[in-house]
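Take a look at the structure set out below.
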Amino acid sequence: MINSTIAVEAIPVLGHDEAMRLATAECDRLLTVADSLSDHEWSRQTECPDWDVKAMLAHVLGMLELQADPQERMRQIKTAAELAAQNGGLRIDAMTALQVREHRHLSPDALRRALHEATPRALAARRATTAEQRAATYATDLPGEGAWTFGYLFDVIHTRDPWIHRVDISRAIGRDVALSSDHDGRIVADVVAEWARRHGQPFTLMLTGPAGDAFSAGAGGAEMTVDAVEFCRILSGRARGAGLLATRVPF
Numbered sequence: 286m287i288n289s290t291i292a293v294e295a296i297p298v299l300g301h302d303e304a305m306r307l308a309t310a311e312c313d314r315l316l317t318v319a320d321s322l323s324d325h326e327w328s329r330q331t332e333c334p335d336w337d338v339k340a341m342l343a344h345v346l347g348m349l350e351l352q353a354d355p356q357e358r359m360r361q362i363k364t365a366a367e368l369a370a371q372n373g374g375l376r377i378d379a380m381t382a383l384q385v386r387e388h389r390h391l392s393p394d395a396l397r398r399a400l401h402e403a404t405p406r407a408l409a410a411r412r413a414t415t416a417e418q419r420a421a422t423y424a425t426d427l428p429g430e431g432a433w434t435f436g437y438l439f440d441v442i443h444t445r446d447p448w449i450h451r452v453d454i455s456r457a458i459g460r461d462v463a464l465s466s467d468h469d470g471r472i473v474a475d476v477v478a479e480w481a482r483r484h485g486q487p488f489t490l491m492l493t494g495p496a497g498d499a500f501s502a503g504a505g506g507a508e509m510t511v512d513a514v515e516f517c518r519i520l521s522g523r524a525r526g527a528g529l530l531a532t533r534v535p536f
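Residues in the sequence shown are numbered from 286 upward in steps of one, following my numbering.
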């Protein structure tokens with residue numbers, strides 16, 4: 286039972302070392318799900334348009350390869366920018382489509398092996414980034430988003446992305462998401478802190494489930510109760526949210 290609320294300003298900033306511990310654990314959890322998939326589950330439709338489970342894991346593989354190798358990162362960025370310019374879409378959408386296109390031909394067993402091979406390389410490359418590299422900024426082409434630091438991208442987004450895709454895949458195959466307060470709860474709390482910074486309004490938020498807790502900011506604001514995973518699905522655009530829950534957070 287939750288007996289008190291956590292002030293959002295008391296949620297610790299997610300530092301590099303902690304982010305890497307979370308990322309390592311999250312990658313292990315996602316690999317466990319991939320390893321457990323039966324033959325028919327690879328073709329289950331996810332909530333991401335045009336992606337079945339196999340396509341989603343093909344994207345995950347492409348993103349791991351991007352993280353692991355600077356030359357591969359530049360190739361994907363350059364190709365995605367060219368495709369986005371031709372089609373008038375967003376660079377990130379062109380990049381994820383490229384990742385799926387380049388890996389979807391792999392058999393399930395080959396895709397599993399590739400994920401296991403790419404994961405430690407990606408984590409090692411992320412772990413080795415310097416404070417100076419993480420402080421550098423770049424312009425996103427995301428609507429409403431300004432410049433991001435590479436630290437935000439590599440420490441935060443590249444940790445949230447496999448987490449939300451593990452949720453996507455678990456839902457697609459009809460399984461409960463494996464959750465714990467220390468791992469998933471910390472990822473969710475970081476999302477809460479960013480969401481609060483983005484809207485800047487007072488609130489009391491009760492997040493239920495193993496990854497949940499109670500959070501507040503200011504006084505006299507909106508009161509909300511929602512499942513912790515559903516909260517993240519709403520903020521990521523996978524489900525509808527009203528009021529403060531309409532404030533999007535990148536994943």
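Yeah, the Cβ is synthetic: ideal placement off N, Cα and C, and Gly gets one too. Treat the numbers as computed from the prediction; the structure is a model and nothing was measured.
Taking the alpha helix (DSSP H) that residue i falls in, what are its first and last residues?
i: L490; result: Note, L490: premise wrong, no alpha helix (DSSP H); beta strand (DSSP E) at F488 to T493.
i: W583; result: What the structure shows of the chain is the stretch from 286 to 536, and residue 583 is not part of that stretch, so it cannot be assessed.
i: A366; result: P355 to N372
i: T317; result: H301 to S321
i: V385; result: R376 to H388
What residue does the beta strand (DSSP E) around residue i start on, and which one ends it?
i: A512; result: Rather than Ala, the amino acid found at residue 512 in this sequence is Asp. Its beta strand (DSSP E) spans residues A507 to D512.
What does residue i pair with, by DSSP beta-bridge criteria?
i: D403; result: Here residue 403 turns out to be Ala, not Asp, going by the sequence shown. Answer is none; A403 lacks a bridge partner.
i: A457; result: Looking at the DSSP assignment, A457 forms no beta bridge with any residue, so it has no partner.
i: A432; result: A424
i: A499; result: M491
i: D335; result: Answer is none; D335 lacks a bridge partner.
i: Q330; result: D337
Classify residue i as helix, strand or coil using the three-state DSSP reduction.
i: I233; result: This structure does not reach residue 233, given that the chain is present from 286 up to 536, and the question cannot be answered.
i: F536; result: coil
i: A504; result: coil
i: L520; result: helix
i: M286; result: With a pLDDT of 46 at M286, under the threshold of 50, the modelled position of this residue cannot be trusted; read the value that follows with caution. Three-state DSSP puts M286 in coil, outside helix and strand.
i: I291; result: strand
i: V298; result: coil
i: V553; result: In the structure as shown, the chain begins at 286 and stops at 536. Residue 553 is therefore absent and cannot be evaluated.
i: G347; result: helix
i: G526; result: coil
Could you check whether residue j and residue i sit closer than 8 Å to each other, using their CB atoms as the reference points?
i: V462; j: A513; result: no
i: G507; j: G522; result: First, the residue type needs correcting, since residue 507 is Ala and not Gly in the sequence shown. Their beta carbons are not under 8 Å apart, which means A507 does not touch G522 by this criterion.
i: H301; j: D440; result: yes
i: R419; j: G436; result: yes
i: L408; j: T317; result: no
i: L342; j: T444; result: no
Specify whether the stretch 442-456 and the stretch 330-342 touch according to this definition: at least 3 beta carbon pairs, one from each stretch, less than 8 Å apart.
yes
Do the stretch 387-406 and the stretch 344-351 touch if we need at least three Cβ pairs shorter than 8 Å?
yes
Given 8 Å, three or more beta-carbon pairs between the stretch 499-506 and the stretch 476-490
yes
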